[in-house]
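Have a look at the structure below, then the notes.
There are 2 protein chains.
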Amino acid sequence: MIKNKASIGVDIGGTSVKIGLVGAEGKVLARDSFPTHEGGRHQSREDFLRLVSAAVDRLKKIASQKKRVIVGVGIGAPGPVDVERGFVYFFPNIPGWKNTPLKSILEKRLKLPARVDNDASALAWGEFVFGAGRGVKNIVVLTLGTGVGGGIILDGKLFHGHAFSAAEIGHLVIHENGPECACGNRGCLETFVGNGYFVKEAEKRLKSGQTSVLSRAGGKLTPHAIAKAAHAGDPFSIRLWEDTAEHLATALAGLANILNPERIILGGGLAQNGIILFGPLRRALAKKAFPIAARSVKVVPAALKLDAGVVGAAALLRG
Amino acid sequence: MIKNKASIGVDIGGTSVKIGLVGAEGKVLARDSFPTHEGGRHQSREDFLRLVSAAVDRLKKIASQKKRVIVGVGIGAPGPVDVERGFVYFFPNIPGWKNTPLKSILEKRLKLPARVDNDASALAWGEFVFGAGRGVKNIVVLTLGTGVGGGIILDGKLFHGHAFSAAEIGHLVIHENGPECACGNRGCLETFVGNGYFVKEAEKRLKSGQTSVLSRAGGKLTPHAIAKAAHAGDPFSIRLWEDTAEHLATALAGLANILNPERIILGGGLAQNGIILFGPLRRALAKKAFPIAARSVKVVPAALKLDAGVVGAAALLRG
């Protein structure tokens, strides 16, 4: 029965809008996309709606060739959303979206049921439905990228809070006198494990005279390069990952003590480096969290990789 | 209809066990109690059950005189509980309770439905049903005492987490290099705003040569004395409360960013000092939390005072 169903996921990103036809089994059956910017400016809201409609029409045809019934369209939106009404408050990095009733606009235009949520929640939901959180009811998902995003699933449902602004996990403070954060506060998790901060910390240590294969290697200092060096045994890089794991463990211990989840899922670039992050992270968490909370939680990498945004958005049609 | 109903609340504390007949309107209609210790030792589990049964029998008679129907007995337990089975894992400060199926034992003995939860959750539930959280569905409750306890209500239900160990709010880290905590971690909220730490900080500052009416007053340094001095305009004491508010605001900002509650309720001794805590606390929270989260939350003192434990336990029979 379920095998002939599919939904469409739309992931609105900073550089491109990705649209995918996603089977009820979680596989991306067809893809489309268009740039968020074009000719030096952002697509207008009207352009966006036109381009999404055209993409959906193409995917509808492909679905019909594949004998799939499309049950609806899910949107992962880069900003705060009233999830119940599918109403976009604004997008911090894309102008022209203030107070948009996106769900009802799309439903009229596409003649399909639509669901709108913010992108971090959609990613978390994708892991719950198709990824590393399958079969688990209480999950915290963190995405470690330029910023640190998050989604929380409690009792098998996405948790949004009173005004739909819950799960800003990057802005859990772990050091009240820590570095200034873009949000105006100090010492947010993001200021320790965001990509930029991670690289800046590496640069700072290298400038202070610490030695590493990285200083001899030349080339650009990236999380990936530092991970490669750590895997190759570079003590400087291993130490940097351990310290990053320690900061992250402080936040995860807080989350474990407050929410007592069964699983914590880490996605994003920084989390794709396997044991050099997860090893010290799990050890530090076991020390920092309450014993019951620490014993009952597994910390695992996200299962959905490049397609996570589109698959998560498509998964919004489930549940 | 509801007016002729009542339930019995049992609050197992470190020094005494309090039992109350609580009307469906939240009023304590009759009280009983016995000491947790007697003759230099803790009551055995069997003694406890006998004494509770006797107290419940007395309260049943009073209820019948007052034409009240008792709908059940609620227990606030000082330790981790499997809430679904009403099963006590252990009490950290009272020996002899390991793995006790308290709910089923009490139901057989008292011939009344029983509910068991940990005391911090029961307090939070009491505020939701009868106190400062009435009519509000997403609430975080903190109790500022020797330790810092907490309870979380999400979507109108007590939230317990995967292994019933959620809401350990005193152990949210706010300073990863902060003071050592009894839990083994560093910089937990409790190490900044627990009663003992608060008084210790005052002593440290006085010893370092800071001047205050408190140093001339003699007598014991207590949160209450420091609050009195602050209300009387003592700059030293005002500053100490402001700094404590700042620490607390860091934790509340984290909770607001993660859970986006509609209300945060503060109970316990430290929270009973009105504007000298709540003034700077609200200002600091507005600066530290995300704007949407900060705007949507009210921070208020607990409404239930001395009877909070018994009323909260009795409220467990509701919902």
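For the record, the sequence lines run as chains A and B.
In my numbering, each residue's number is its place in the first sequence (first place is 1) plus 348.
In my numbering, each residue's number is its place in the second sequence (first place is 1) plus 348.
We put the CB at the ideal spot given by N, CA and C, even for glycine.
Where does residue i fall in DSSP's three states?
i, result
"B:Gly-557", "coil"
"B:Lys-459", "coil"
"B:Lys-351", "helix"
"A:Ala-378", "strand"
"A:Gly-493", "coil"
"B:Lys-568", "coil"
"A:Ser-364", "strand"
"A:Asn-608", "coil"
"B:Glu-590", "helix"
"B:Lys-653", "coil"
"B:Glu-373", "coil"
"B:Val-647", "strand"
"A:Leu-614", "strand"
"A:Gly-667", "coil"
"B:Arg-631", "helix"
"A:Asp-467", "helix"
"B:Gly-602", "helix"
"A:Gly-483", "coil"
Going by C-alpha to C-alpha distance, which of the options sits closest to residue i?
i, options, result
"A:Gly-535", "B:Gly-504, B:Ala-601 and B:Gly-444", "B:Ala-601"
"B:Asp-655", "B:Ser-381, B:Lys-353 and B:Asn-352", "B:Ser-381"
"B:Val-464", "B:Val-370, B:Gly-422 and B:Asn-605", "B:Gly-422"
"A:Asn-590", "A:Thr-559, A:Leu-625 and A:Ala-573", "First, the residue type needs correcting, since residue 590 of chain A is Glu and not Asn in the sequence shown. Out of A:Thr-559, A:Leu-625 and A:Ala-573, A:Leu-625 has the C-alpha closest to the C-alpha of A:Glu-590."
"B:Ile-698", "A:Ile-453, A:Gly-481 and A:Val-489", "Chain B is shown only over 349 to 667; residue 698 of chain B falls outside these bounds and no answer can be derived."
"A:Val-561", "A:Tyr-545, A:Ile-586, A:Thr-592 and A:Asn-543", "A:Ile-586"
"A:Ser-364", "A:Ala-651, A:Val-370, A:Lys-351 and A:Arg-389", "A:Arg-389"
"A:Ile-671", "A:Leu-377, A:Trp-445 and A:Lys-646", "Outside the shown range of chain A, which is 349 to 667, sits residue 671 of chain A, and nothing can be said about it."
"A:Asp-582", "A:Pro-649, A:Lys-646, A:Gly-557 and A:Ser-563", "A:Ser-563"
"A:Gln-558", "A:Lys-548, A:Val-547, A:Phe-584 and A:Ala-580", "A:Phe-584"
"A:Ala-468", "A:Val-659, A:Lys-414 and A:Leu-450", "A:Val-659"
"A:Phe-638", "B:His-519, B:Ala-580 and B:Gly-357", "B:His-519"
"A:Ile-442", "A:Ile-487, A:Val-477 and A:Phe-396", "A:Phe-396"
"A:Ala-530", "A:Ile-487, A:Ile-500 and A:Thr-494", "A:Thr-494"
"B:Glu-432", "B:Asn-466, B:Val-400 and B:Gln-413", "B:Asn-466"
"A:Ile-668", "A:Glu-386, A:Leu-596, A:His-595 and A:Glu-549", "No answer is possible for residue 668 of chain A: the residues shown for chain A start at 349 and end at 667."
"B:Gly-615", "B:Leu-506, B:Lys-414, B:Ala-580 and B:Thr-491", "B:Thr-491"
"B:Val-404", "B:Lys-415, B:Leu-596, B:Arg-631 and B:Leu-369", "B:Leu-369"
"A:Ala-539", "A:Lys-351, A:Ile-517 and A:Gly-499", "The displayed chain sequence assigns Thr, not Ala, to residue 539 of chain A. The shortest C-alpha separation from A:Thr-539 is found at A:Ile-517."
"B:Asp-503", "B:Glu-386, B:Gly-617, B:Asn-608 and B:Ser-401", "B:Asn-608"
"B:Ile-613", "B:Gly-499, B:Glu-551, B:Gly-542 and B:Lys-635", "B:Gly-499"
"A:Gly-427", "A:Ser-401, A:Val-484, A:Lys-505 and A:Gly-361", "A:Gly-361"
"A:Arg-631", "A:Gly-617, A:Ala-619, A:Lys-646 and A:Leu-618", "A:Lys-646"
"B:Pro-440", "B:Pro-449, B:Val-429 and B:Gly-434", "B:Val-429"
Please report the distance separating the alpha-carbon of residue i from that of residue j.
i, j, result
"A:Val-496", "A:Ala-604", "17 Å"
"B:Glu-610", "A:Glu-528", "27 Å"
"B:Ala-593", "B:Leu-629", "5 Å"
"A:Gly-544", "B:Ala-425", "47 Å"
"B:Leu-460", "A:His-508", "38 Å"
"B:Asn-447", "B:Ser-513", "16 Å"
"A:Arg-553", "A:Val-547", "10 Å"
"B:Gly-566", "B:Asn-621", "21 Å"
"B:Gly-374", "B:Ala-651", "12 Å"
"A:Arg-666", "A:Lys-408", "19 Å"
"A:Val-648", "A:Glu-475", "11 Å"
"A:Leu-633", "A:Ala-642", "7 Å"
"A:Ile-453", "A:Thr-598", "43 Å"
"A:Ala-462", "B:Ile-640", "25 Å"
"A:Lys-351", "B:Lys-456", "51 Å"
"A:Gln-413", "A:Arg-406", "11 Å"
"B:Ala-511", "B:Val-436", "13 Å"
"B:Gly-357", "B:Leu-664", "8 Å"
"A:Arg-393", "A:Glu-386", "13 Å"
"A:Ala-470", "B:Val-484", "27 Å"
"A:Val-400", "A:Ser-355", "14 Å"
"B:Lys-555", "B:Arg-398", "50 Å"
Nearest chain D C-beta to residue i closer than 8 Å, yes or no?
i, result
"B:Asn-605", "This model lacks chain D altogether; the protein chains it does include are A and B."
Members of the region 515-536 of chain A near chain B, C-beta cut-off 9 Å
Flagged, chain order: Ala-515, Glu-516, Ile-517, Gly-518, His-519, Leu-520, Val-521, Ile-522, His-523, Glu-524, Asn-525, Gly-526, Cys-531, Gly-532, Asn-533, Arg-534, Gly-535 and Cys-536.
In the region 432-444 of chain A, which residues sit with their C-beta less than 7 Å from some C-beta in chain B, listed in chain order?
Taken residue by residue, none of the region 432-444 of chain A has a beta-carbon sitting less than 7 Å from a beta-carbon on chain B.
Counting only runs of 3+ residues fully inside the region 392-463 of chain B, write out the beta strand (DSSP E) ranges in chain order.
List check, beta strand (DSSP E) in window: 417-425.
Could you tell me which whole beta strand (DSSP E) segments of length 3 or greater appear in the region 485-551 of chain B?
Qualifying beta strand (DSSP E) stretches, in chain order: 487-492 and 496-502.
For the region 481-501 of chain B, list every residue whose C-beta sits within 7 Å of some C-beta in chain A, in sequence order.
Only Asn-486 from the region 481-501 of chain B bring a Cβ to less than 7 Å from some Cβ of chain A.
Taking a Cβ distance cut-off of 9 Å, strictly less, list which residues of the region 609-635 of chain B are near chain A, in chain order.
Result list: Pro-609, Glu-610, Arg-611 and Lys-635.
If the cut-off is 7 Å on Cβ atoms, which residues from the region 411-434 of chain B count as contacting chain A, listed in chain order?
Listed by position along the chain: Pro-428.
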